[in-house]
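Enquirer: Mapped onto full-length UniProt numbering, the consecutive letters of the sequence shown carry residue numbers 1 to 392.
Ideal Cβ placement from N, Cα and C applies to all residues, glycine included.
In this text the structure is predicted, and so the values were computed from the model without any measurement.
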Amino acid sequence: MEHQKPVIPGQPAKRGKTSNEQIKSMVAGDFESEEQKKIRNFIEQLRNLDVSFYAFRRDNFLKSPYSLVLPLPDQIVRNPVEGIDLGKVKHFSHDKMIQITSDFSENNYIRKSTFGRLFRGKIDEGSGMPPREVIVKRWDFLIPFNPTYGNYPVYYARQLEILLNPHVASHPRMAKLIGYCCDKMFALVFDVNLNLTVKDLIPRDNFTWSPRMKVARQVAETLRFFHGKQIALCNFTAPSISVDEDYNIQLFEFDRAANLASDNFPVLKTIVGGAYNYYSPEYLTSVLEFRREWFFTSDVYAFGLLLLELTLAKCAVEERPVNFVEWAKIAFAKNERYDRFKMTIAVPQLLIFDLAMKCVQEDPKMRPHMDEIVMELDKLSQFKTENRGLLG
Numbered sequence: 001m002e003h004q005k006p007v008i009p010g011q012p013a014k015r016g017k018t019s020n021e022q023i024k025s026m027v028a029g030d031f032e033s034e035e036q037k038k039i040r041n042f043i044e045q046l047r048n049l050d051v052s053f054y055a056f057r058r059d060n061f062l063k064s065p066y067s068l069v070l071p072l073p074d075q076i077v078r079n080p081v082e083g084i085d086l087g088k089v090k091h092f093s094h095d096k097m098i099q100i101t102s103d104f105s106e107n108n109y110i111r112k113s114t115f116g117r118l119f120r121g122k123i124d125e126g127s128g129m130p131p132r133e134v135i136v137k138r139w140d141f142l143i144p145f146n147p148t149y150g151n152y153p154v155y156y157a158r159q160l161e162i163l164l165n166p167h168v169a170s171h172p173r174m175a176k177l178i179g180y181c182c183d184k185m186f187a188l189v190f191d192v193n194l195n196l197t198v199k200d201l202i203p204r205d206n207f208t209w210s211p212r213m214k215v216a217r218q219v220a221e222t223l224r225f226f227h228g229k230q231i232a233l234c235n236f237t238a239p240s241i242s243v244d245e246d247y248n249i250q251l252f253e254f255d256r257a258a259n260l261a262s263d264n265f266p267v268l269k270t271i272v273g274g275a276y277n278y279y280s281p282e283y284l285t286s287v288l289e290f291r292r293e294w295f296f297t298s299d300v301y302a303f304g305l306l307l308l309e310l311t312l313a314k315c316a317v318e319e320r321p322v323n324f325v326e327w328a329k330i331a332f333a334k335n336e337r338y339d340r341f342k343m344t345i346a347v348p349q350l351l352i353f354d355l356a357m358k359c360v361q362e363d364p365k366m367r368p369h370m371d372e373i374v375m376e377l378d379k380l381s382q383f384k385t386e387n388r389g390l391l392g
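(1) Measure from the alpha carbon of Leu305 to the alpha carbon of each residue in Val198, Met375 and Leu380, then state which is nearest.
(2) Are there three or more Cβ pairs, one per stretch, closer than 8 Å when the segment 220-230 is compared with the segment 175-192?
(3) Do you know offhand how far Ile373's Cα is from Met366's?
(4) Closest to Pro131 by C-alpha separation, out of Leu118, Asn193 and Ser210, would be which residue?
(5) By DSSP's criteria, Met174 is part of a beta bridge. Which residues make up the other side?
(6) How should Gly126 be labelled, buried or exposed, when 16 other C-beta atoms within 10 angstroms of its C-beta is the threshold for buried?
(7) Specify the secondary structure class of Phe119 as computed by DSSP and reduced to three states.
(8) Assign Leu380 to one of three DSSP states: helix, strand, or coil.
(9) Can you give me the start and stop residues for the beta strand (DSSP E) that Ser242 sits inside?
(10) Can you name, in chain order, every residue of its own chain whose Cβ lies under 8 Å from the Cβ of Phe145, other than the five neighbours on each side?
(11) Answer with buried or exposed for Ser240, where buried requires no fewer than 16 other C-beta atoms within 10 angstroms of its C-beta.
(12) Among the residues of its own chain, which have a CB less than 7 Å from the CB of Val219, if the five just before and after it don't count?
(13) Pull up the distance between the alpha-carbon of Pro203 and that of Leu308, whole angstroms please.
(14) Please go through the same chain and pick out, in chain order, the residues whose beta-carbon is closer than 7 Å to the beta-carbon of Phe119, but skip the five residues on each side of it.
(15) Can you tell me whether Gln382 is buried or exposed? The criterion is at least 16 other CB atoms within 10 Å of its CB, across all chains shown.
(16) Look at the alpha carbon of Lys358 and the alpha carbon of Leu251, and state the distance between them as a whole number of angstroms.
(17) Leaving out five residues on either side along the sequence, give the residues of the same chain with a beta carbon under 6 Å from the beta carbon of Ser25.
(18) From the DSSP output, which residues share a beta bridge with Glu133?
(19) Confirm, please, whether the CB-CB distance from Gly83 to His91 is below 7 Å.
(20) Just the C-alpha distance for Leu177 and Tyr155, rounded to the nearest angstrom, thanks.
(21) Whole angstroms are fine: how far does the CA of Asp378 sit from the CA of Asp371?
(22) What is the DSSP secondary structure of Phe190, counted as helix, strand or coil?
(23) Compare the Cα-Cα distances from Gly87 to each of Lys122, Lys37 and Glu133 and report the closest residue.
(24) Decide if Ile352 is buried, meaning its Cβ has at least 16 other Cβ atoms within 10 Å, or exposed.
(25) Under a Cβ-count criterion, where at least 16 other Cβ atoms within 10 Å of its own Cβ denotes burial, should Met129 be classed as buried or exposed?
(26) So, using beta-carbon positions, are Val51 and Tyr152 closer together than 7 Å?
(27) Could you please give the first and the last residue of the uninterrupted alpha helix (DSSP H) stretch that includes Lys214?
(28) For His167, which residues of its own chain have a beta-carbon under 7 Å away from its beta-carbon, when the five flanking residues on both sides are left out?
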């Protein structure tokens, strides 16, 4: 197989498929069936929705403590689109979402997400079966209004598009989407039991070297998979990666992922959510120049930061406004935090740190491709420390 080059700013344009052709390739192939055409047209409707139908609903105002504006009457703010089942992914009504989450109660609240909040929920399976535990991701339109709200329909449609891709849906590291809601709100329903995130685990003493590197390997393989499908995750960070009791990761927090990139064009032209310290230098430069461009190599930079976090047991978001990369160099040189893993710095650890530093180089042309990163991690798994293999 021909090695795919990373996306590099400034290279000559090589246009591939048109946007419409790429949309078709993302959701179940060529749209030969009537059902597939119906799904494609529906997602396009979502993408072009007027966000004011959602932003000016009464319940948004009632839950917003800073509102000085009266909401429009509910009979005026009518739902602009009727939800449909998208294959096996069911559409849940607004009333059903209220039932699943106990009206998005504080008891079911988990944490904030990029564009809203995460809630636990339960779906009644009937016939004496125990309820199914789910995670609901809701987009918020709270007061004061955020300029980002205007792009919510695009981000929402894009995430549905990606999650409906059969290759993505069947990936073992992807949380299973079982439902969505566009009735008076934007929400996604996942069949996943959210326990901990990588951010929760990074500072813990019992999160030893072997599971840390297991997480790193799984994240790297997942990024390689997405890049192979011309998808950049854009805002994946330690808080956005869920981990189960066996340290297997699951992703469902990638609200700004872009799936319409060609090989040499930036995949996104908008503000990327997430922590400042995860932004690559070229993305920050593009923001200052009002271009706001995210490249596949920007994903590689974010992975390098995650690898540094796992290696040094410190979260990048806790070091703001300190330059985390520079802090990591000093911390590694001082052998900080390695007593947690009960080992001395040896060749394998130096190589892991060296790999992370390659990923966070300022020049994106010098960063490795995700294929190369996965191969390097596999190679390093052959090294042995005093008590265990480097990657378990």
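Expert: Reading off the structure:
(1) Val198
(2) no
(3) 13 Å
(4) Asn193
(5) Leu251
(6) exposed
(7) strand
(8) helix
(9) Ile241 to Val243
(10) Ala55
(11) buried
(12) Ile241, Ile249, Phe303 and Leu306
(13) 13 Å
(14) Thr101, Phe104, Asn108, Tyr109, Ile110, Val136 and Arg138
(15) exposed
(16) 25 Å
(17) For Ser25, the pLDDT reaches just 48, beneath the cut-off of 50, and the residue's location in the model is therefore unreliable, although a value from the coordinates is still provided. Excluding sequence neighbours, Ser25 sits near nothing in its chain.
(18) Lys122
(19) yes
(20) 16 Å
(21) 11 Å
(22) strand
(23) Lys37
(24) buried
(25) exposed
(26) yes
(27) Trp209 to Gly228
(28) Lys229
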